[in-house]
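First the structure, in the form of structure tokens, and then the observations on it.
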Amino acid sequence: MNILTILLRIEWLKAAKRRIFWVAIGAFGLFTVIRAVIGIYMASTIPDVDFTLPERWPDILGAVSGFGPLFTAILMILLFAPEFSWRTARQNIIDGLSKEQFFTGKVILLAGLVLLFMAVAVLVGVSSTMFSPGESGSAIFRPNDLSYMGGIALGMLIYGSFGLVLSTYLRSSGSALGVLFLYIIVEGIIPLLTLRIGSRTLRDAMEFLPFKVVENLGDNLAYYPAELLEMNPMRPELDLVPLGSPDIGIHVIVALAYIVVLLGLSLLNLRKRDL
Amino acid sequence: MDNLSVSTPDTDLQDQASTSVNVIQTLDLTKRYGMRAKKSVLAVDRISFAVKQGQVFGFLGPNGSGKTTTIGMLVGIIMPTGGSFRLFGNSDSRGLNAARARVGATLETPNFYPYMSGRDNLRIVAAIKGVNRSRIEECLALVGLSRRAKHRFKTYSQGMKQRLALAAAMLNDPELIVLDEPSNGLDPQGIREIRKIIHTLAKRGKTIFLSSHLLVEVERTCSHVAIIRDGRIIKWGPVAEMVGEGNAVLLRSEDIEVLAGAMEAYPDATSVRRTDDGIVVALDSGDLASVTRYLSERGIYLSLLAPHQPSLEEVFIDATGETTDSMTGLAA
Numbered sequence: 026m027n028i029l030t031i032l033l034r035i036e037w038l039k040a041a042k043r044r045i046f047w048v049a050i051g052a053f054g055l056f057t058v059i060r061a062v063i064g065i066y067m068a069s070t071i072p073d074v075d076f077t078l079p080e081r082w083p084d085i086l087g088a089v090s091g092f093g094p095l096f097t098a099i100l101m102i103l104l105f106a107p108e109f110s111w112r113t114a115r116q117n118i119i120d121g122l123s124k125e126q127f128f129t130g131k132v133i134l135l136a137g138l139v140l141l142f143m144a145v146a147v148l149v150g151v152s153s154t155m156f157s158p159g160e161s162g163s164a165i166f167r168p169n170d171l172s173y174m175g176g177i178a179l180g181m182l183i184y185g186s187f188g189l190v191l192s193t194y195l196r197s198s199g200s201a202l203g204v205l206f207l208y209i210i211v212e213g214i215i216p217l218l219t220l221r222i223g224s225r226t227l228r229d230a231m232e233f234l235p236f237k238v239v240e241n242l243g244d245n246l247a248y249y250p251a252e253l254l255e256m257n258p259m260r261p262e263l264d265l266v267p268l269g270s271p272d273i274g275i276h277v278i279v280a281l282a283y284i285v286v287l288l289g290l291s292l293l294n295l296r297k298r299d300l
Numbered sequence: 005m006d007n008l009s010v011s012t013p014d015t016d017l018q019d020q021a022s023t024s025v026n027v028i029q030t031l032d033l034t035k036r037y038g039m040r041a042k043k044s045v046l047a048v049d050r051i052s053f054a055v056k057q058g059q060v061f062g063f064l065g066p067n068g069s070g071k072t073t074t075i076g077m078l079v080g081i082i083m084p085t086g087g088s089f090r091l092f093g094n095s096d097s098r099g100l101n102a103a104r105a106r107v108g109a110t111l112e113t114p115n116f117y118p119y120m121s122g123r124d125n126l127r128i129v130a131a132i133k134g135v136n137r138s139r140i141e142e143c144l145a146l147v148g149l150s151r152r153a154k155h156r157f158k159t160y161s162q163g164m165k166q167r168l169a170l171a172a173a174m175l176n177d178p179e180l181i182v183l184d185e186p187s188n189g190l191d192p193q194g195i196r197e198i199r200k201i202i203h204t205l206a207k208r209g210k211t212i213f214l215s216s217h218l219l220v221e222v223e224r225t226c227s228h229v230a231i232i233r234d235g236r237i238i239k240w241g242p243v244a245e246m247v248g249e250g251n252a253v254l255l256r257s258e259d260i261e262v263l264a265g266a267m268e269a270y271p272d273a274t275s276v277r278r279t280d281d282g283i284v285v286a287l288d289s290g291d292l293a294s295v296t297r298y299l300s301e302r303g304i305y306l307s308l309l310a311p312h313q314p315s316l317e318e319v320f321i322d323a324t325g326e327t328t329d330s331m332t333g334l335a336a
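Residue numbers (my numbering), protein chains in the order written: chain A, 26 to 300; chain B, 5 to 336.
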């Protein structure tokens, strides 16, 4: 068995026995189901609206892009940070894992959580169409749907990496969660402050703050330009400015850079500090 | 019998290293906590010692003397700030990781996942060490935990936690077993059982590194010992030689206080200690004739003069100047 399989097995053993893991997966599934049920209800009451796939992926995935990344960060913290207070991180090293292998295990856990959340979203989406009026299209996924999923998964990875780095530095789930929520508030305030300064460059730069990148990656208009074309002509009549969509290409690059930096910081800290 | 002799740590380490296979070897190993000079704490101060294959090596010292920090460095959870060490001859990062696969260790309190059963915790250790599940049952049986293996770790008593830690350490049938305070929290029966397991392992040729602050435990269990205080090793060697060294005599006379007072002023006496049987005097030389002459000149006549073989406790007191109230342990 290669080392990655062993690490996956170890992380699965640790996670599967924790109640919080199943509660989080269940809650994530429940939120996704609620969003799907609303869609099915609307489909049954509004003429010309069908709840069919692949047409309804933007709705289902839109919901996931809203709460999925935060779920990933919280669950990552709750699964990882206690390893320091229980001192099981040090025991894993004593038992024979290197610090790098221990860290790799956590990266595998993060990737696993993202895959699991996406799998739950797909499962809910596919099964909900069985109860929906209207006929499904020929394919379950269109290329745009897959790109949208990729964008959301990247967003989850950024949040999850943030959770991982906070867990490594603070070594306490309470403190890590506190700092996570504090940072979310601070990142929400910073762009408002820059509005007063009036510098366009600075305002543009705010689009690349970590969680703003996640928000942009989860913006469905960026993946479904047809919707944008459909909505924009109506907006001037309603006295609204036309909507734009973020450039996903540049956001993907920035997201990957954030993930690399966050994981790198986490590994550095783990290597340097005593357990 | 190996070639280790009673010595101070800085002597003949290089010779030993070159002439025999050391399972553990440290050279000026140092750990300083904190960066600022004024606030930093020197937990381990340039310690050097060697443990050879098959030895049951006791690492003896009071609480806070640097025992756990030293072990932490050996097992890879604490980064040394100076010096070096070798495990099975390996000193580079990759070699040490490979060498640690041949080690089973427990450190301070047993650390396991509280929400998992004893058996599931061992499954994780087994996955890390690459051993199959049948070995888990063997080790659970060996430490007497088979019946409670399905219960959660957080429901275990301290003694059961220690046993689970021992089972985890033995899971991969390691060549070197490092045990840090294995008797902590155990009742006399538990201490006896742990000692029995250690003896069984020693008979099977395992090298055992036993850190403890319990003198009785170390004296009864170990073939070799190093005494550490304030982060420095002040004495190390075979237990038998260590307790047999020196020129100590047991003296008794009618008035013990007068005798003790006289011996404290005796130039050749390095220490004078009262015991229930009389006073024990450590002498620089073994010149007993001078002692009797010195005492008779002062009108003190001895009713007993006998050679005295010190216990490890006495060796410890002589070496460290510490009291041993918290260190004698249960004579289970």
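Backbone N, C-alpha and C fix where the C-beta goes; we use that ideal spot for every residue, glycine too.
Residue j and residue i - do their beta-carbons sit closer together than 7 Å?
| i | j | result |
| --- | --- | --- |
| Phe-96 of chain A | Phe-46 of chain A | no |
| Val-139 of chain A | Met-174 of chain A | no |
| Thr-129 of chain A | Asn-294 of chain A | no |
| Pro-107 of chain A | Ser-198 of chain A | yes |
| Phe-63 of chain B | Val-55 of chain B | no |
| Arg-106 of chain B | Glu-179 of chain B | yes |
| Ala-102 of chain B | Gly-235 of chain B | no |
| Phe-213 of chain B | Val-243 of chain B | no |
| Val-276 of chain B | Glu-268 of chain B | yes |
| Asn-176 of chain B | Val-135 of chain B | yes |
| Leu-300 of chain A | Ala-114 of chain A | yes |
| Glu-112 of chain B | Asp-184 of chain B | yes |
| Lys-239 of chain B | Ile-231 of chain B | yes |
| Ala-49 of chain A | Ser-153 of chain A | no |
| Ile-44 of chain B | Arg-50 of chain B | It is worth fixing the name first, because residue 44 of chain B is Ser in this sequence and not Ile. The answer is no: Cβ separation not under 7 Å. |
| Pro-271 of chain A | Ala-247 of chain A | yes |
| Ala-146 of chain A | Thr-70 of chain A | no |
| Leu-33 of chain B | Phe-89 of chain B | yes |
| Asp-272 of chain B | Leu-287 of chain B | yes |
| Ile-119 of chain A | Ala-130 of chain B | no |
| Phe-166 of chain A | Pro-83 of chain A | no |
| Ile-132 of chain B | Leu-104 of chain A | no |
| Thr-211 of chain B | Gly-80 of chain B | no |
| Ala-252 of chain B | His-312 of chain B | yes |
| Arg-199 of chain B | Thr-225 of chain B | yes |
| Val-319 of chain B | Val-247 of chain B | yes |
| Ile-35 of chain A | Ile-128 of chain B | yes |
By the three-class DSSP mapping on this structure, what secondary structure does residue i have?
| i | result |
| --- | --- |
| Phe-142 of chain A | helix |
| Leu-306 of chain B | strand |
| Tyr-322 of chain B | Note that residue 322 of chain B corresponds to Asp in the displayed sequence, not to Tyr. The answer is helix: DSSP assigns Asp-322 of chain B an H, G or I state. |
| Arg-90 of chain B | strand |
| Val-247 of chain B | helix |
| Gly-62 of chain B | strand |
| Gly-185 of chain A | helix |
| Arg-236 of chain B | strand |
| Phe-166 of chain A | coil |
| Leu-33 of chain A | helix |
| Pro-311 of chain B | strand |
| Ala-335 of chain B | Because Ala-335 of chain B carries a pLDDT of 38, less than 50, the predicted location of this residue cannot be relied on, and the following value inherits that uncertainty. The answer is coil: DSSP assigns Ala-335 of chain B none of H, G, I, E or B. |
| Ala-269 of chain B | coil |
| Thr-159 of chain B | helix |
| Pro-242 of chain B | strand |
| Gln-29 of chain B | strand |
Among the residues of its own chain, which have a CB less than 6 Å from the CB of residue i, if the five just before and after it don't count?
| i | result |
| --- | --- |
| Phe-116 of chain B | Asn-125, Phe-157 |
| Thr-30 of chain A | none |
| Phe-109 of chain A | Arg-196 |
Who are the near neighbours of residue i in its chain, counting only those whose CB is closer than 8 Å to its CB and skipping five residues on each side?
| i | result |
| --- | --- |
| Leu-149 of chain B | Gly-122, Met-164, Arg-167, Leu-168, Ala-171 |
| Asn-245 of chain A | Pro-83, Leu-86, Gly-87, Ser-90, Tyr-173, Glu-252 |
Excluding the 5 residues flanking residue i on each side, which residues of the same chain have their C-beta closer than 7 Å to its C-beta?
| i | result |
| --- | --- |
| Met-231 of chain A | Ile-215, Pro-216, Thr-219, Lys-237 |
| Ser-257 of chain B | Leu-263, Ile-304, Tyr-305, Leu-306, Ser-307 |
| Gly-65 of chain B | Lys-71, His-217, Ile-231, Ile-232, Arg-233 |
| Ser-90 of chain A | Ile-177, Gly-180, Gly-243 |
| Lys-297 of chain A | none |
- Pairing CB atoms from the stretch 180 to 191 of chain B with CB atoms from the stretch 153 to 168 of chain B, are three or more of them under 8 Å? With the cut-off at 8 Å, the stretch 180 to 191 of chain B and the stretch 153 to 168 of chain B touch.
- Query: For the stretch 27 to 39 of chain B against the stretch 133 to 147 of chain A, are there 3 or more C-beta pairs whose distance is under 8 Å?
  - Reply: Contact between the stretch 27 to 39 of chain B and the stretch 133 to 147 of chain A is absent: fewer than three C-beta pairs spanning the two stretches fall below 8 Å.
- Query: Can you list the beta strand (DSSP E) stretches of 3 or more residues lying completely in the stretch 47 to 106 of chain A, in chain order?
  - Reply: Within the stretch 47 to 106 of chain A, no complete beta strand (DSSP E) run reaches 3 residues.
- Query: What alpha helix (DSSP H) runs, 4 residues minimum, are completely inside the stretch 250 to 274 of chain A?
  - Reply: As far as the stretch 250 to 274 of chain A is concerned, its whole alpha helix (DSSP H) runs of at least 4 residues are 250 to 256.
- Query: At which residue ranges does the stretch 197 to 222 of chain B contain complete beta strand (DSSP E) runs of 3 or more residues, listed in the order of the chain?
  - Reply: Qualifying beta strand (DSSP E) stretches, in chain order: 211 to 216.
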